[in-house]
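Reading through the structure tokens given below for one structure.
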Amino acid sequence: MKRILFFLVMVFFFSCEIEPEFDLLILNGTVYDGSLNEPQKIDIGIRGDFIVKVGELSGYQAVKSIDAKGLAVAPGFIDLHAHLEPIFELSDCESHIRQGVTTSLGGPDGNGPTPFGIYVDSLKQLGVGMNVGFLVGHNSIRSQVMNLDNRKPTDEELEEMKALVAKAMEEGAFGISTGLKYLPGSFSEVSEVIELSKEASKRGGIYTSHLRDEGLEVLASVSEALTISEKATIPVVLTHHKVIGKPMWGMSNKTLAMVDQARAKGLDIMMDQYPYNASYTGISVLIPSWARAGGNKEFIQRLDNPKLRDSIKNGIIFNILNDRGGDDLDRIQFAKVSWMPELEGKTLKFWTELRGLQPTLENGADLVIEAQIKGGASCIFHAMDEKDVVNIMKHPQTMIASDGRLVKLGDGHPHPRWYGTFPRVLGEYVRERSVLTLQEAIHKMTLLPANVMGLEDRGHIVEGKKADLTIFDPKTVIDKATFETPHQYSEGILYVLINGKLAVEEGVFYPIKSGEVLLKK
58 MKRILFFLVM VFFFSCEIEP EFDLLILNGT VYDGSLNEPQ KIDIGIRGDF
108 IVKVGELSGY QAVKSIDAKG LAVAPGFIDL HAHLEPIFEL SDCESHIRQG
158 VTTSLGGPDG NGPTPFGIYV DSLKQLGVGM NVGFLVGHNS IRSQVMNLDN
208 RKPTDEELEE MKALVAKAME EGAFGISTGL KYLPGSFSEV SEVIELSKEA
258 SKRGGIYTSH LRDEGLEVLA SVSEALTISE KATIPVVLTH HKVIGKPMWG
308 MSNKTLAMVD QARAKGLDIM MDQYPYNASY TGISVLIPSW ARAGGNKEFI
358 QRLDNPKLRD SIKNGIIFNI LNDRGGDDLD RIQFAKVSWM PELEGKTLKF
408 WTELRGLQPT LENGADLVIE AQIKGGASCI FHAMDEKDVV NIMKHPQTMI
458 ASDGRLVKLG DGHPHPRWYG TFPRVLGEYV RERSVLTLQE AIHKMTLLPA
508 NVMGLEDRGH IVEGKKADLT IFDPKTVIDK ATFETPHQYS EGILYVLING
558 KLAVEEGVFY PIKSGEVLLK K
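Here the sequence shown is numbered in our numbering, starting from 58 and rising by one per residue.
Following this line, the structure appears as structure tokens:
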């Protein structure tokens, strides 16, 4: 009996001695901590979902180890502008996680989930692949209260909208988003947006805006956003900041100067950007807003009036020449066309020729009207200048964000940013073109957006922070998705940890759903 007892005691002490200190050790990597500090060759020890030790850890034991020699170790990337609408069907979030993204903010461009509390509770029950938070959407709330009416709200309607914003903020929204280019936000005056933004500001929220115009009126639109920041006392993000249309190319110098001047006055103004010179939205963006008031049924009714139809057509031609159309039918590329899938990937010029028409602006405008009558289409608009893209990217207040939608391989002909935003910056703009240093790029993807969202426990490799990490090969990381063949995952993203769990290991994706639904504290 004594021998048995002695044996059991020895087993107990022996097991205590060999119990590993960490669940996971990341060894020999070059660590970019998310700040602008120089990288360090240090190790990271993880227990549970936290980083518990950073330093020289070669003498420690772990359940699992990763040899990151020759690799860059960064905080998980934070996407401040993500279209998460398909998340209930694509809850594993593969297309984002494979880019190194561990946290995304949904509800941009005025299209936030509603009712907010019910939505996030349902998502918690489902489980998600990456961490997700959401904004309350101005367009969603306005359409709920006022439909698509082209008018000012009554006092009662404004109070109802304010109450809906306040409720969403109390239920965990990170702020309010607007899409002032889109219906019904385009019908709102700045005073309405200020009043709603005040409700978000009271509860520590941010304001992100798809500006009222990113083309000929971009300066006035930036000025409007700065006014909202000042009057509502709220941090502002000029989301997917860009300059659209040939007449305005080069104007980023002025928009960035406006941001600098506002910040010098004490306003909290930031920007985010995707690294492409083409945008993505509905073909309806080419149609004047007034023509679409009330919805597609009323749009079609207006076309029966010859004078209104001519006015609508002239507005489309103007926008093709000066705005999203890029002055060329060949710069308008179909992405998602439910009523004619064979158009996906093809251009408006191709469609005119397919119909036996000359590729004139007039014929192109007629087909835009036809497309809208049939239910609309999503398009890629090649109407930006690369010099503006670089200029905006280099600004210290610019963060990297995808404006990408969760996507299933082979579904439609999407913008390549849905697959490649973050690796493209690291490969094209850091390694190949030296637009940014690697630590600058990582800072714009991690600590900078974490600070904007108020995520104190993410975006920084420091002891006590959440173990959201992305490990990549700086020599090979690159996007593969193109405008011609968009359904391609990026290369060089080798490991992605979300709350301490490996969602990508040696380049292989695992749908473990270790993400959290984040609520504004």
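Glycine included, every Cβ here is placed at the ideal spot set by N, Cα and C.
Query raised in the report: What residue does the beta strand (DSSP E) around residue 103 start on, and which one ends it?
Result: Start and end: 100 to 104.
Query raised in the report: For residue 505, which option in 100, 326, 223, 169 has the closest C-alpha, if you only look at C-alpha atoms?
Result: 326
**Report entry** Short Cβ contact (9 Å threshold) for residue 294 with residue 137
**Finding:** yes
Query raised in the report: How far does the alpha helix (DSSP H) with residue 153 in it reach, from first residue to last?
Result: Where residue 153 is concerned, the enclosing alpha helix (DSSP H) stretches over 151 to 154.
Query raised in the report: On the three-state DSSP scale, how would you describe residue 235?
Result: strand
Query raised in the report: Straight-line CA distance for residue 341 to residue 119?
Result: Straight-line Cα distance between these residues: approximately 55 Å.
**Report entry** Where the beta strand (DSSP E) through residue 540 begins and ends
**Finding:** According to the DSSP assignment, residue 540 belongs to no beta strand (DSSP E), since it is labelled neither H nor E.
Query raised in the report: Relative to the alpha-carbon of residue 88, which residue among 521, 540, 495 has its alpha-carbon at the smallest distance?
Result: 495
Query raised in the report: Out of curiosity, what's the CA-to-CA distance linking residue 537 and residue 303?
Result: 28 Å
Requested in this report: Buried or exposed for residue 376, please, with buried defined as at least 16 other CB atoms from any protein chain shown within 10 angstroms of its CB.
Outcome: buried
Query raised in the report: In terms of residue numbering, what span does the alpha helix (DSSP H) encompassing residue 476 cover?
Result: 474 to 481
Requested in this report: Give the secondary structure of residue 462 by DSSP, where H, G and I count as helix, E and B as strand, and everything else as coil.
Outcome: strand
Requested in this report: Give me the Cα-Cα distance between residue 83 and residue 545, rounded to the nearest whole angstrom.
Outcome: 28 Å
Query raised in the report: Is residue 518 near residue 482, with beta carbons less than 9 Å apart?
Result: Not in contact: residue 518 and residue 482 (Cβ atoms no closer than 9 Å).
**Report entry** Same chain, Cβ closer than 7 Å to residue 69, five either side skipped, listed in chain order
**Finding:** Because the pLDDT at residue 69 is just 49, under 50, the model does not fix this residue reliably, and the value given afterwards should be weighed accordingly. The answer is none, since no qualifying residue turns up.
Requested in this report: Please state whether DSSP places residue 85 in a helix, a strand or coil.
Outcome: coil
Query raised in the report: What are the boundary residues of the beta strand (DSSP E) that includes residue 188?
Result: 188 to 191
Query - Close beta carbons around residue 352, own chain, < 7 Å, minus the five adjacent residues each side - result: 205
Query raised in the report: Would the beta-carbon of residue 229 fall within 9 Å of that of residue 174?
Result: yes
Query raised in the report: When DSSP labels each residue in this structure, what does residue 304 get in the three-state scheme?
Result: helix
Query - Beta-carbon proximity of residue 462 to residue 141, cut-off 9 Å - result: yes
Query raised in the report: Helix, strand or coil for residue 369 per DSSP?
Result: Helix, per DSSP.
**Report entry** Contact the region 154 to 172 vs the region 215 to 234: 3+ CB pairs below 8 Å
**Finding:** yes
Query raised in the report: Can the beta-carbon of residue 103 be found less than 9 Å from the beta-carbon of residue 554?
Result: yes
Query - Pairwise C-alpha distance: residue 365 and residue 571 - result: 53 Å
Requested in this report: Put residue 296 into one of helix, strand or coil per three-state DSSP.
Outcome: coil
Query raised in the report: Once you ignore the five residues that flank residue 75 on each side, which residues in its own chain have a CB closer than 7 Å to its CB?
Result: Nothing meets the Cβ criterion.
Requested in this report: Helix, strand or coil for residue 387, going by three-state DSSP, please let me know.
Outcome: helix
Query raised in the report: Could you check where the beta strand (DSSP E) with residue 456 kicks off and where it finishes?
Result: Element bounds for residue 456: 455 to 457.
**Report entry** Buried or exposed (CB count within 10 angstroms, at least 16 for buried), residue 277
**Finding:** exposed
**Report entry** residue 500: first and last residue of the uninterrupted alpha helix (DSSP H) it sits in
**Finding:** Where residue 500 is concerned, the enclosing alpha helix (DSSP H) stretches over 495 to 502.
Query raised in the report: In the DSSP assignment, what are the bridge partners of residue 121?
Result: 81
Query raised in the report: If residue 556 and residue 106 are in contact, beta carbons under 8 Å, what's the gap, nearest whole angstrom?
Result: 4 Å
Query - Residue(s) in a DSSP beta bridge with residue 140 - result: 462
Query raised in the report: Can you give the Cα-Cα distance for residue 442 and residue 379, rounded to whole angstroms?
Result: About 13 Å.
Query raised in the report: In terms of alpha-carbon separation, which member of 264, 249, 270, 216 lies closest to residue 239?
Result: 270
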